[in-house]
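Student: Numbering-wise (our numbering), the sequence shown opens with residue 680 and increments by one. We treat Cβ as the ideally placed atom computed from N, Cα and C, and that holds for glycine. This is the structure I want to talk about, given as structure tokens.
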Amino acid sequence: MGGGAVYMIAGRKIGSEYLAVATLSTIGLGVYAAIKRYKSKQPNPLVDSPPINASSVDEEAFIQEFLKSAEADENKKNH
680 MGGGAVYMIA GRKIGSEYLA VATLSTIGLG VYAAIKRYKS KQPNPLVDSP
730 PINASSVDEE AFIQEFLKSA EADENKKNH
């Protein structure tokens with residue numbers, strides 16, 4: 680089955696098929712790491728928002744409703 684190209688790397692003979700697999704694996708890992716890093720940098724509004732220090736349950740509900748309506752208005756303005 681042999682007959683493919685063989686390269687000398689660090690004093691050892693390495694077949695071209697192994698170099699191809701190593702290259703594709705390295706590229707795949709790089710893409711995976713880049714995607715994972717990009718997703719981790721996106722802000723999460725549920726985690727990244729500051730805590731609401733309301734004195735009552737009604738006040739907290741009002742603040743949350745106000746924030747939702749403000750976000751909805753901002754989304755309408757941007758689109």
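Check residue 694 in the structure and name its three-state DSSP category.
Tutor: Strand at residue 694.
Student: How many angstroms separate the CA atom of residue 691 from the CA atom of residue 729?
Tutor: Their backbone Cα atoms lie some 58 Å apart in a straight line.
Student: Measure the alpha-carbon distance for residue 746 versus residue 733 and round it to whole angstroms.
Tutor: Whole-angstrom Cα-Cα distance: 14 Å.
Student: Does DSSP put residue 731 in a helix, in a strand, or in coil?
Tutor: Correct three-state label for residue 731: coil.
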